[in-house]
Amino acid sequence: MSDDLRLPVERRAKLGTSDSRRLRQAGRIPANVYGLGKAAASVTVCAELVDKLIATRSSVVDVELEGAVEKAVVQELQWDVFSTHVHHLDLKRVDPDGRTTVDVPIELRGEPVGLKDGGALRQLSKTITITCPDYRIPRGIVVRIGALQIGDSVKAGDVALPEHAVLASDAGVVLVELYDPRKA
Amino acid sequence: MALMPKRVKHRKSQRGRIRGNATRGNTVVFGEWALQSLDPGHITGQTIEACRIAATQYVRGEGRVYIRIFPQKPVTARPLETRMGKGKGEPDRWVAVVKPGTVLFELAGVSRDAARSCFKRVAHKLPVRVRLVGRRPEI
């Protein structure tokens, strides 16, 4: 059972500005479901569920359309002028079994302890290669370097990866090291 | 020194009407908090400068202030006690045309409470109603 938000949607027959406005007044938000070579569908979503979706900060949803459940990502959110209400959302179908290998940027967090002892930080790689589901590519991988002493390094295998990702590069690749500039 | 264009194609322009809401420049882009206009209006370069001073003096090096509007439009005025006719007046001031929804100023590096206090000082100087907005949630 997926832990993603289940989004029941209803097919809408009436399209266009006026009908969309009426839908929003009735607490429904117009949306489109498309992708994976299947036919696109114009649908509506409950506004409360969209607020809940935004609160979860997750773009992956299980779209329930006419009894069938499909995995989708929120491709685009359209807001009103004052950024208070969502006007429309695009839901793009994704392959639940699709996996991809990508280079994800590394975000260094913390100030190494060894810096105070005269160490110098050297970042040897700005990205890390991971394999993850197509629809869960992280924006960045956090690497904590606060505990580094002079001579220490962080290797690709030491990095804590997100739940669905696995390391695709060599685990021994050094990403960051704290060296002694006097000996270099 | 108030903001004004370095060079313009035409010295004088017609005033026009401000219709509709802002469809561009209506989101927080550079900072975390912003002052968003709720009314249409013209904001002069002098007003923008006064707002900038009020905001920067409040944050005092802790945050950063971004100005999101620029006075592109010349407004002419006629000298006092002159008779009608004799053509259009000379350029008097430069104004930014603001629609409802336009983000006027942004603040980065400060808390919500600090941003609210800062923008309250700024709002007193503005000829339009404004409100505090944050960034749109990213999902």
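First to last, the sequence lines map onto chains A and B. The first sequence finishes on residue 184 if you use our numbering, and the numbering steps up by one all the way, no holes. The second sequence finishes on residue 139 if you use our numbering, and the numbering steps up by one all the way, no holes. The beta-carbon is built from N, C-alpha and C at its ideal position, and this holds for glycine as well. Remember, predicted model here, so these are calculated numbers, not experimental data.
I want to know whether the segment 56-67 of chain A touches the segment 22-29 of chain A - three or more CB-CB distances under 8 Å.
Taking a cut-off of 8 Å on C-beta distances, the segment 56-67 of chain A does not touch the segment 22-29 of chain A, as fewer than three cross pairs fall below it.
Selected residue, minimal CA-CA separation from Cys46 of chain A, among A:Ile130, A:Gly157, A:Pro8 and A:Tyr135:
Of the candidates A:Ile130, A:Gly157, A:Pro8 and A:Tyr135, A:Pro8 places its Cα closest to the Cα of Cys46 of chain A.
Taking only three categories from DSSP, how would you classify Tyr135 of chain A?
The answer is coil: DSSP assigns Tyr135 of chain A none of H, G, I, E or B.
Out of A:Glu48, A:Val81 and A:His87, state which residue places its alpha-carbon closest to the alpha-carbon of Asn32 of chain A.
Measuring from the Cα of Asn32 of chain A, the nearest candidate turns out to be A:His87.
Anyone know if the C-beta pair for Val95 of chain A and Asp134 of chain A falls short of 8 Å?
A small correction: the amino acid at residue 95 of chain A is Asp; Val does not occupy that position in the sequence shown. Result yes, Cβ atoms of Asp95 of chain A and Asp134 of chain A sit closer than 8 Å.
Can you give me the Cβ contacts of Glu10 of chain A inside the same chain, cut-off strictly under 7 Å, excluding the 5 residues immediately before and after it?
Excluding residues within five positions, the ones whose Cβ falls inside 7 Å are Val43 and Thr44.
Are the CB atoms of Val154 of chain A and Glu107 of chain A within a distance shorter than 8 Å?
Cβ atoms of Glu107 of chain A and Val154 of chain A: not closer than 8 Å.
Using the beta-carbon of each residue, which ones in chain B are nearer than 8 Å to Ser20 of chain A?
Correct list: empty, because the minimum Cβ distance to chain B is about 17 Å.
Given 8 Å, three or more beta-carbon pairs between the segment 99-112 of chain B and the segment 20-35 of chain B:
At 8 Å Cβ cutoff, the stretches touch.
Nearest CA to the CA of Val69 of chain A: which residue from A:Asp4, A:Phe82, A:Gly172 and A:Val173?
Of the residues A:Asp4, A:Phe82, A:Gly172 and A:Val173, the one whose Cα lies closest to the Cα of Val69 of chain A is A:Asp4.
Thinking C-alpha only, which one of A:Gly118, A:Arg139, A:His164 and A:Thr127 is nearest Pro181 of chain A?
Nearest C-alpha to Pro181 of chain A among A:Gly118, A:Arg139, A:His164 and A:Thr127: A:Gly118.
Boundaries of the beta strand (DSSP E) in which Ile43 of chain B is found, first to last residue:
It spans Gly41 to Thr44 - the beta strand (DSSP E) in which Ile43 of chain B sits, taken as one unbroken run.
At a Cβ threshold of 8 Å, is Val122 of chain B touching chain A?
No Cβ of chain A is located within less than 8 Å of the beta carbon of Val122 of chain B.
What does Ala108 of chain B reach in chain A if we use C-beta pairs closer than 9 Å?
For Ala108 of chain B, no chain A residue has a C-beta closer than 9 Å to its own C-beta; the minimum C-beta separation is roughly 18 Å.
Which ranges does the alpha helix (DSSP H) cover as unbroken runs of at least 4 residues, wholly within the segment 30-78 of chain A, from first to last along the chain?
Correct list: 47-56.
Are the C-beta of Pro137 of chain B and some C-beta of chain A separated by less than 8 Å?
Taking CB atoms only, Pro137 of chain B has a neighbour in chain A less than 8 Å away.
Would you check if the distance between the CB atom of Val185 of chain A and the CB atom of Lys92 of chain A is smaller than 8 Å?
Because chain A in this structure spans residues 1 to 184, residue 185 of chain A falls outside the shown range and cannot be described.
Against Pro100 of chain B, what residues of chain A qualify as contacts under a CB-to-CB distance less than 9 Å, listed in chain order?
Val81 and Phe82, listed in chain order.
Roughly how many angstroms lie between the CA atoms of Glu111 of chain A and Ile145 of chain A, to the nearest whole one?
Rounded to the nearest angstrom, the two C-alpha atoms are 6 Å apart.
Residues that Glu49 of chain B bridges to, as DSSP identifies them
According to DSSP, Glu49 of chain B bridges with nothing at all.
So which residues of chain B does Ile54 of chain A contact, with C-beta pairs closer than 7 Å?
Those within 7 Å of Ile54 of chain A in chain B are Pro137 and Ile139.
Going by beta carbon distance, what residues of the same chain come within less than 6 Å of Thr44 of chain B, once the five residues before and after it are set aside?
For Thr44 of chain B, where only same-chain residues beyond five positions count, the Cβ hits under 6 Å are Arg93 and Val95.
Looking only at its own chain, which residues have a Cβ that is under 6 Å from the Cβ of Met1 of chain A, when we skip the five neighbours before and after it?
Bear in mind that the predicted position of Met1 of chain A carries a pLDDT of just 49, short of 50, making it unreliable; the figure below should be weighed with that in mind. Here the set comprises nothing.
Are the segment 42-60 of chain B and the segment 112-128 of chain B in contact at 8 Å, needing three or more beta carbon pairs?
Segments in contact, yes.
In whole angstroms, give me the CA-to-CA distance for Leu121 of chain A and Arg6 of chain A.
Taking the straight line joining both Cα atoms gives about 45 Å.
I want to verify the contact list: residues of chain B whose CB lies under 7 Å from the CB of Ser59 of chain A, in sequence order.
Within chain B, the residues near Ser59 of chain A are Ile139.
Any C-beta of chain A under 8 Å from that of Thr56 of chain B:
Taking CB atoms only, Thr56 of chain B has no neighbour in chain A less than 8 Å away.
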